[in-house]
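A.B. asks: Quick one: the structure is below, and I'll ask about it shortly.
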Amino acid sequence: FMDADSSAPIHAIDKLISHMGDADIAIGSRYLPESNITVEPPFGRRLVSMCSIFITQNLLIPHLRDIRCGFKLFKREVAQAIADRQTIERFGFDTEMLVIAQKRNYKIAEVPIEWAYSRGSKLKFPRDLFRSLGEIARIKYNSLRGIYR
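Per our numbering, residue 5 is the first one in the sequence shown, and the count goes up by one each step.
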């Protein structure tokens with residue numbers, strides 16, 4: 005899937021596809037050395053993103069640098085297995101997908117991409133920062149309860 009704002013160019017899908025032989029999931033990353041951010045987001049947006057990434061790395065998925073990039077590719081059977089366990093329907097749905105994937109030992113490849121902030125974004129700061137934190141807490145709670153196995 006990809007975010008509707010087309011922040012990542014559609015041709016970058018080829019980079020994700022090229023990793024699917026070795027991985028069950030390929031995720032675009034804005035924060036790898038080879039990544040290229042052509043249009044930076046405003047400060048509030050960056051702050052929300054960096055806070056949620058920092059917290060998520062420390063609580064849920066330490067080995068991934070950019071779990072919030074809206075450019076991900078899943079093998080069909082993996083996506084179906086993960087969807088059966090999902091509980092989050094808003095911003096954190098893709099974070100939850102990656103936590104479930106990790107719990108079920110699916111291989112995740114993080115792929116550097118080109119990315120440009122799109123001004124059409126609907127993110128509202130600080131409201132969405134608190135929503136994001138609430139979703140991260142819910143994912144951690146669900147993970148501790150074992151519902152993602």
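A virtual CB, placed ideally from N, CA and C, is assigned to each residue, including glycine.
1) According to DSSP, simplified to helix, strand and coil, what is LEU64?
2) Exposed or buried, GLU32, counting other C-beta atoms within 10 Å across all chains shown (16 or more means buried)?
3) Is it the case that the CB of ILE104 approaches a heavy atom of the ligand MG more closely than 7 Å?
4) Does DSSP put PHE75 in a helix, in a strand, or in coil?
5) Considering only C-alpha positions, which residue in the set TYR121, ILE41, VAL82 is nearest to VAL103?
6) Distance check for TYR145 and GLN61, CA to CA, integer angstroms please.
7) Among the candidates ILE140, SER147, ILE151, whose CA atom is the shortest distance from the CA of SER53?
8) Please state if the CB of ALA27 and the CB of ILE117 are separated by a distance shorter than 8 Å.
9) Taking all protein chains shown into account, decide if GLY25 is buried (16 or more other Cβ within 10 angstroms of its Cβ) or exposed.
10) Quick check on DSSP: helix, strand or coil for SER33?
11) With a threshold of 16 other CB atoms inside 10 Å of the CB of ASP70, please say whether the residue is buried or exposed.
12) Looking at the secondary structure, which residues open and close the alpha helix (DSSP H) in which GLU38 lies?
13) Given GLU44, which residues of its chain have a CB within under 8 Å of its CB, disregarding the five upstream and five downstream residues?
C.D. replies: Looking at the atomic coordinates:
1) Residue numbering aside, residue 64 sits at position 60 when the sequence shown is read from its first letter. LEU64 falls in the coil class under three-state DSSP.
2) Translated into the one-based positions of the sequence shown, residue 32 becomes position 28. The amino acid occupying residue 32 in the given sequence is Gly; Glu does not appear at that position. With 16 or more Cβ atoms within 10 Å of its Cβ, GLY32 is classed as buried.
3) By its list of ligands, the structure shown contains no ligand whatsoever, and the ligand MG lies outside what it can speak to.
4) Start at 1 with the first residue of the sequence shown, and residue 75 comes out as number 71. The answer is strand: DSSP assigns PHE75 an E or B state.
5) Stepping through the sequence shown from its first residue, residue 103 is reached at position 99. Comparing Cα-Cα distances from VAL103 to each of TYR121, ILE41, VAL82, the minimum goes to VAL82.
6) Here residue 61 refers to the residue found at position 57 of the sequence shown. Here residue 145 refers to the residue found at position 141 of the sequence shown. If you take the alpha carbons of GLN61 and TYR145, they lie about 15 Å apart.
7) For the purposes of this step, residue 53 is taken as the residue at position 49 of the sequence shown. It is ILE140 whose Cα lies nearest to the Cα of SER53.
8) Translated into positions along the sequence shown, residue 117 becomes position 113. Translated into positions along the sequence shown, residue 27 becomes position 23. Not closer than 8 Å, so no.
9) Taking the first residue of the sequence shown as position 1, residue 25 is located at position 21. Per the 10 Å Cβ criterion, exposed.
10) Along the sequence shown, read from residue 1 onward, the residue named residue 33 stands at position 29. In the structure shown, SER33 sits in a strand (DSSP, three-state: E or B).
11) Within the sequence shown, residue 70 is the residue found at index 66, counting from 1. That one is buried.
12) Here residue 38 refers to the residue found at position 34 when the sequence shown is read from its first residue. Element bounds for GLU38: n/a, residue is neither H nor E.
13) The count along the sequence shown starts at 1 and reaches residue 44 at position 40. If we look at GLU44 and ignore the five residues flanking it on each side, its Cβ neighbours are ARG50, TYR121.
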